[in-house]
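Enquirer: Starting off with a structure, shown below.
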Amino acid sequence: MTSLDEFICGAPKAELHVHIEGTLEPDLMFALARRNGIDTGYNSADDVRAAYQFGDLQDFLDIYFAAANVLVREQDFYDLAWAYLQKAHAQNVTHTEIMFDPQTHTDRNIAFDTVISGLTRALDDAKAQLGLSTGLIMCFLRHLDEEAAERTLDQGLEHRDKIIAVGLDSSELGHPPEKFARVFARARNEGFLAVAHAGEEGPPANVAASLDILQVRRIDHGVRSIEDPALVQRLVDTATPLTVCPLSNIRLGVFATMAAHPLKRMLAAGLKVTVNSDDPAYFGGYINENFLAVAAALELTQDDVVALIRNGFDAAFLPATEIAALHQSLDAYVASAA
Ligand code: ADE
Ligand code: ZN
Numbered sequence: 002m003t004s005l006d007e008f009i010c011g012a013p014k015a016e017l018h019v020h021i022e023g024t025l026e027p028d029l030m031f032a033l034a035r036r037n038g039i040d041t042g043y044n045s046a047d048d049v050r051a052a053y054q055f056g057d058l059q060d061f062l063d064i065y066f067a068a069a070n071v072l073v074r075e076q077d078f079y080d081l082a083w084a085y086l087q088k089a090h091a092q093n094v095t096h097t098e099i100m101f102d103p104q105t106h107t108d109r110n111i112a113f114d115t116v117i118s119g120l121t122r123a124l125d126d127a128k129a130q131l132g133l134s135t136g137l138i139m140c141f142l143r144h145l146d147e148e149a150a151e152r153t154l155d156q157g158l159e160h161r162d163k164i165i166a167v168g169l170d171s172s173e174l175g176h177p178p179e180k181f182a183r184v185f186a187r188a189r190n191e192g193f194l195a196v197a198h199a200g201e202e203g204p205p206a207n208v209a210a211s212l213d214i215l216q217v218r219r220i221d222h223g224v225r226s227i228e229d230p231a232l233v234q235r236l237v238d239t240a241t242p243l244t245v246c247p248l249s250n251i252r253l254g255v256f257a258t259m260a261a262h263p264l265k266r267m268l269a270a271g272l273k274v275t276v277n278s279d280d281p282a283y284f285g286g287y288i289n290e291n292f293l294a295v296a297a298a299l300e301l302t303q304d305d306v307v308a309l310i311r312n313g314f315d316a317a318f319l320p321a322t323e324i325a326a327l328h329q330s331l332d333a334y335v336a337s338a339a
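In the numbering used here, the protein residues as written are 2 to 339.
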């Protein structure tokens, strides 16, 4: 480990883009499959890992949705979230905003209540036992229709106190933000904040439409924004955060190599980029591994790393006092590391 690597690992951080279903490690997948009498179609956890070679986003999504079949009972959702929260805590994440895909479960006749009660019980334990602050983001699956998202919103509204924002994920190509204009408007009117995946595989126009039509506060990924200078200027002027996930982008073929990843250019352009893990069980690492990979490939400095961490704090859906406290924790850490 270089001294910058040690700095990264020890630093307090926020994570703003992680799908709880994407934290399902092969060993837990097998344990849950056994507990629930489900055949995963794999012989061993090593077989599962070997299958994690993805040509593109859809390749990944097919495997990711199939794996979620092992999640059946409230305790399964608890165990899934608790495993991630312990891992995040061990990597010095002090605030995390976790996405979940209710439709992946309700479409298998798992009750929305089962999903959200298992997740929130783990989040409550993380607060009490680890001092980890958290939020939940309810995502709509964009390959399904808007009526299905409306029904999901109805269910989410019964748990509005547990959910900070709505999001939009799954297959970007062929499912532009416009498709979800009405359900996002209703979610915002009901008091939810909004985020959306855009400019991952899809064009920069999806980023602009997510801002204009869905009125999102943050863009998830947004890496293809760099192709459109006018959009970059707009994102800089409005200080719109982009939750970038470097290992995900390489594993899904958005960029051929980490050396070709635009994160450093985006930071230099003044974009409010943050570093996140997306689906860490599938893409080879949690938040620290993402930071380490970009730091090495793009020759980041400690100042770059600090800027990325501070962007994550600023972009968190937290009151200003709590954001200030996160910055102070980093000030103290930087001073102690000097
Ligand atoms: N769901 C989980 N990970 C995703 C990603 N990277 N893009 C779109 N939907 C997702
Ligand atoms: Zn994502």
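Every residue gets a Cβ at the ideal spot worked out from N, C-alpha and C, and that includes glycine.
#1: Who sits around the ligand ZN, taking every residue whose Cβ is closer than 6 Å to one of its heavy atoms?
#2: Among residues of its own chain, excluding the 5 on either side of V73, which ones have a beta-carbon nearer than 7 Å to its beta-carbon?
#3: Pairing CB atoms from the stretch 79-90 with CB atoms from the stretch 313-332, are three or more of them under 8 Å?
#4: Please tell me whether, using a cut-off of 6 Å, the distance from the CB of G23 to the nearest non-hydrogen atom of the ligand ADE is below it.
#5: Tell me whether the beta-carbon of V233 lies closer than 7 Å to the beta-carbon of A270.
#6: Whole angstroms are fine: how far does the CA of G285 sit from the CA of H262?
#7: Please go through the same chain and pick out, in chain order, the residues whose beta-carbon is closer than 8 Å to the beta-carbon of L133, but skip the five residues on each side of it.
#8: What are the boundary residues of the beta strand (DSSP E) that includes I220?
#9: Is it a yes or a no for the stretch 176-190 touching the stretch 135-152, going by three-plus beta-carbon pairs under 8 Å?
#10: According to DSSP, simplified to helix, strand and coil, what is G132?
#11: According to DSSP, what are the bridge partners of V340?
#12: Could you pull the DSSP bridge partners for G168 from this structure?
#13: Hey, out of V295, A12 and G203, whose CA is closest to S337's CA?
#14: In the DSSP assignment, find the unbroken beta strand (DSSP E) run with K265 in it and report its ends.
#15: Specify, as a first and last residue, the run of the beta strand (DSSP E) that H106 falls within.
#16: Please state whether the Cβ-Cβ distance between P247 and A294 is less than 7 Å.
#17: If you measure from the CB of S249, is any heavy atom of the ligand PLP nearer than 6 Å?
Expert: So, from the data block:
#1: H18, H20, D170, H198, D221 and D279
#2: Here the question's residue 73 lines up with position 72 in the sequence shown. Once the five neighbours on either side are set aside, the close Cβ partners of V73 are N37 and I111.
#3: no
#4: By 1-based counting over the sequence shown, the position of residue 23 is 22. Yes.
#5: Translated into the one-based positions of the sequence shown, residue 233 becomes position 232. Translated into the one-based positions of the sequence shown, residue 270 becomes position 269. In this structure, A270 lies closer than 7 Å to V233 by Cβ.
#6: In the sequence shown, counting from the first residue as 1, residue 262 sits at position 261. In the sequence shown, counting from the first residue as 1, residue 285 sits at position 284. Roughly 16 Å separates the two Cα atoms.
#7: Residue 133 sits at position 132 when you count from the first residue of the sequence shown. Taken in chain order, the residues that qualify are L86, A89, H90, V94, T95, H96, T97 and A127.
#8: Your numbering for residue 220 matches position 219 in the sequence shown. Counting along the chain, the beta strand (DSSP E) containing I220 begins and ends at R219 to H222.
#9: yes
#10: Counted from its first residue, the sequence shown places residue 132 at position 131. Of the three classes helix, strand and coil, the one that applies to G132 here is coil, per DSSP.
#11: In this structure the chain extends from 2 to 339, so residue 340 is not present and cannot be described.
#12: Counting from one through the sequence shown, the residue named residue 168 turns up at place 167. DSSP lists C140 as partners of G168.
#13: Taking the sequence shown and counting its residues from 1, the one referred to as residue 337 is at position 336. Here the closest residue by C-alpha is A12.
#14: In the sequence shown, the residue the question calls residue 265 occupies position 264. Counting along the chain, K265 falls outside any beta strand (DSSP E), though it belongs to the alpha helix (DSSP H) covering L264 to A269.
#15: Taking the sequence shown and counting its residues from 1, one reaches residue 106 at position 105. Taken as a continuous stretch (DSSP letters only), H106 belongs to no beta strand (DSSP E), being part of the alpha helix (DSSP H) at P103 to T107.
#16: Numbered from its first residue, the sequence shown carries residue 247 at position 246. Numbered from its first residue, the sequence shown carries residue 294 at position 293. It is a contact, given that the beta carbons lie within the stated cut-off.
#17: The ligand content of the structure shown is limited to the ligand ADE and the ligand ZN, which means the ligand PLP is not among them.
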